[in-house]
Amino acid sequence: TAQVEFKRNDDATKAFQQYNKRLIDQNRPMKVEIILDPARIPPPPLSTRVAPAPKQAVTVRQAAPAAGQPRRTGGKPRGKNNKQPTKSAADLDAEMEDYQKAKE
Numbered sequence: 001t002a003q004v005e006f007k008r009n010d011d012a013t014k015a016f017q018q019y020n021k022r023l024i025d026q027n028r029p030m031k032v033e034i035i036l037d038p039a040r041i042p043p044p045p046l047s048t049r050v051a052p053a054p055k056q057a058v059t060v061r062q063a064a065p066a067a068g069q070p071r072r073t074g075g076k077p078r079g080k081n082n083k084q085p086t087k088s089a090a091d092l093d094a095e096m097e098d099y100q101k102a103k104e
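Under UniProt numbering, the first residue of the sequence shown is numbered 1, with each subsequent residue one higher.
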C-alpha cells in the first residue's frame, strides 16, 4: 500500500490512467484510487451561491385514486340521488316572505 499526493489534478489523472490495473509481479493488477480531500476542494464560486435558486419546471401532481375509487375534489358530492327538487315561484315567494318577517 502506498499513498501519493499530487498538487495538480492533471498529474493525478495521468498517473491513474497509466498505472491502474497494471500487473505487478506479472500476476496481480495494481489498484489506483483517486481520493479527494474535502478540505482542499475550493468552494463553489460566489455567483452560484448568491444567485436565486432556479425555478422548478415540473409541478407536483396528485396521484390518481386507486382503481374503483372515485376522485374526490371537494365541494358537493355527486351522485344519483343528490339532486334537490326545483322550487316553484310560489315556494320561493313564501320563503322570501318568511325571511322578511324574521328580519323585523
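Note that CB positions come from ideal geometry on N, CA and C, so glycine has one too.
Our contact map puts residue i next to residue j with C-beta atoms below 8 Å; I'd like the distance itself, whole angstroms only.
{"i": "residue 40", "j": "residue 29", "result": "Actually they are not in contact, since the Cβ atoms of residue 40 and residue 29 sit about 29 Å apart, beyond 8 Å."}
Rounded to the nearest angstrom, what separates residue i and residue j at their Cα positions?
{"i": "residue 13", "j": "residue 2", "result": "17 Å"}
{"i": "residue 52", "j": "residue 46", "result": "12 Å"}
{"i": "residue 11", "j": "residue 38", "result": "19 Å"}
{"i": "residue 4", "j": "residue 20", "result": "14 Å"}
{"i": "residue 98", "j": "residue 90", "result": "12 Å"}
{"i": "residue 34", "j": "residue 18", "result": "13 Å"}
{"i": "residue 44", "j": "residue 25", "result": "43 Å"}
{"i": "residue 48", "j": "residue 54", "result": "11 Å"}
{"i": "residue 56", "j": "residue 42", "result": "27 Å"}
{"i": "residue 86", "j": "residue 92", "result": "10 Å"}
{"i": "residue 84", "j": "residue 50", "result": "59 Å"}
{"i": "residue 101", "j": "residue 88", "result": "20 Å"}
Is the beta carbon of residue j closer than 7 Å to that of residue i?
{"i": "residue 32", "j": "residue 16", "result": "yes"}
First and last residue of the alpha helix (DSSP H) that includes residue i?
{"i": "residue 97", "result": "89-103"}
{"i": "residue 14", "result": "9-19"}
{"i": "residue 50", "result": "46-50"}
Quick one: does the C-beta of residue i sit closer than 6 Å to a heavy atom of the ligand GTP?
{"i": "residue 87", "result": "Absent from the structure shown: the ligand GTP. Ligands present: none."}
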